[in-house]
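Written below as structure tokens is the structure these notes are about.
Protein chains in written order, with my numbering: chain A, 230 to 402; chain B, 230 to 402.
In structure tokens form, the structure reads like this:
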């Protein structure tokens, strides 16, 4: 896929086939994470790669909209220290999702409202917050248009994207 | 450029030529921002596009490592509400930098330690934090290897990137 189209076409994929994510794709996802830039090159992230079904099922219970993890062949938990590293966590998550999508692998972010449970389950030490996990897998054809069984319009703040003139200011707000 | 290579080769570019960023590239950068995913599709971001030299010079004074803005032909200030939107700010920033790099346009992030000054200068209203700006421009050939006049090793927490086995855990930390 052309690089710019990759950026425009990435969407959340919440339903996956049973097909495993190939080892080569996982390797590319992790290399894309590794090479992501961060504030002063602190590389403030740690990753737990999860493919055991029981662990994915437990993780799916730690966020209000995390159920997609239960059906994903692969999850990656992103842990960063508290504070500004949350910005870098967003950068590295985006890079991993894009690397996956370049291989046709879909993904969805789960935010853990109960990140302490995720830390306990995975043995993540003090000093890190396990705030985010990403599901990865091949998109299920004819997947339901719903989120957690509800119509998308009830869950999302908006559908589609705002027009640029609602987002962009020129020289001054 | 092949999409995966785009992800691996993005680096901070702090020194730019005088050549303006073409309007077509700016349009692609802004579309990449617009189409970025966010928590519940809240699209929590607003952008101020700055090309006036005096404004860029002033912004360059609002962060300890923001001087690259003073010499950039283009800056984009990213404003998001306080809290978890900082994660989405990281995602949208990464997407803009990648869209630029796909056109050969380099970029560098500035964090404003004094974001209230940036808000005041640009007229950004209450409810948003103007925590981040991105410089964009064509990389200057033979640019100095220094950051703010200091050797990179004195400013950065590390050089290069950590090995994967320092970042990745399998099933459990």
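Idealized CB from N, CA, C, for every residue including glycine.
Neighbour list for residue 235 of chain A in chain B, Cβ cutoff strictly below 7 Å: Residues of chain B whose Cβ lies closer than 7 Å to the Cβ of residue 235 of chain A are, in chain order, 232.
Minimum Cβ-Cβ distance from residue 296 of chain B to chain A less than 8 Å: no
Check whether residue 417 of chain A and residue 402 of chain B have beta carbons under 8 Å apart: Because chain A spans 230 through 402 in this model, residue 417 of chain A falls outside it and cannot be assessed.
Close-in-space but distant-in-sequence residues of the same chain around residue 388 of chain A (CB under 8 Å, 5 per side omitted): 381 and 382
Outcome for residue 256 of chain A when other beta-carbon atoms lying within 10 angstroms are tallied against a minimum of 16: exposed
Where residue 356 of chain A falls, given that 16 or more other Cβ within 10 Å makes a residue buried: exposed
Contact with chain B by residue 257 of chain A, beta-carbon distance below 8 Å: yes
Within chain A, the residues that residue 302 of chain B reaches when beta carbons sit closer than 8 Å: Under the 8 Å cutoff, chain A gives no residues; its nearest Cβ is about 14 Å from residue 302 of chain B.
Min CB distance residue 341 of chain B to chain A below 8 Å: Interface flag for residue 341 of chain B against chain A is unset, since no Cβ pair is found closer than 8 Å.
Residue 276 of chain B vs residue 307 of chain B beta-carbon contact at 8 Å: Less than 8 Å divides the Cβ of residue 276 of chain B from the Cβ of residue 307 of chain B.
DSSP three-state assignment for residue 387 of chain B, whether helix, strand or coil: coil
CB contact flag (residue 363 of chain A, residue 325 of chain A, <8 Å): yes
Sequence-distant residues of its chain with Cβ nearer than 7 Å to residue 292 of chain B (five each side left out): 339, 340, 341 and 342
Contact set for residue 360 of chain A: own chain, Cβ-Cβ below 8 Å, skip 5 residues either direction: 307, 308, 309, 315, 318, 340, 341 and 344
Residue 263 of chain B burial status per 10 Å Cβ neighbour count (16 or more: buried): buried
Neighbouring residues, chain A, relative to residue 317 of chain B (Cβ below 9 Å): 319
Closer than 8 Å to chain B by CB, residue 245 of chain A: no
Between the CA atoms of residue 289 of chain A and residue 296 of chain A - distance to the nearest angstrom: 5 Å
is_contact[residue 352 of chain A, chain B] using C-beta, thresh 8 Å: yes
Bounding residues of the beta strand (DSSP E) (the contiguous stretch that carries residue 365 of chain B): 358–366
DSSP beta-bridge partners of residue 278 of chain B: A/399 and B/305
Per-residue contacts from residue 364 of chain A into chain B (C-beta, under 7 Å): Per Cβ cutoff of 7 Å: no residues; residue 364 of chain A is ~13 Å from chain B at best.
Whole alpha helix (DSSP H) elements within the segment 300–345 of chain B, 4-residue minimum: Whole alpha helix (DSSP H) segments, 4+ residues: 314–331.
For residue 231 of chain B, the three-state DSSP class (helix, strand or coil): strand
Residue 276 of chain B: contacting residues in chain A (beta-carbon distance under 8 Å): 396, 397 and 398
Simplified DSSP assignment, three categories, for residue 375 of chain A: The answer is strand: DSSP assigns residue 375 of chain A an E or B state.
Burial state of residue 286 of chain A (16 or more Cβ within 10 Å): exposed
Euclidean distance between Cα positions of residue 331 of chain B and residue 294 of chain B: 25 Å
Contact set for residue 374 of chain B: own chain, Cβ-Cβ below 8 Å, skip 5 residues either direction: Excluding residues up to 5 positions away in sequence, 380 and 381 lie with their Cβ nearer than 8 Å to the Cβ of residue 374 of chain B in the same chain.
Proximity test, Cβ basis, 8 Å: residue 293 of chain B and chain A: no
Selection from B/246, B/266, B/322 and B/327 that minimises the alpha carbon distance to residue 230 of chain B: B/327
Assigned exposure category for residue 248 of chain B - 16 Cβ within 10 Å defines buried: Under a 10 Å Cβ-count criterion, residue 248 of chain B is classified as exposed, with fewer than 16 other Cβ atoms of the shown protein chains found around its own Cβ.
Below-8 Å beta-carbon distance, residue 282 of chain A vs any chain B residue: no
Reference residue 384 of chain A, options B/240, B/237, B/250 and B/270, closest by Cα: Taking only the C-alpha atoms, the option nearest residue 384 of chain A is B/270.
Buried or exposed by the 16-neighbour rule on C-beta atoms within 10 Å, applied to residue 322 of chain B: buried
Chain-ordered chain B contacts of residue 384 of chain A [CB-CB under 7 Å]: 269
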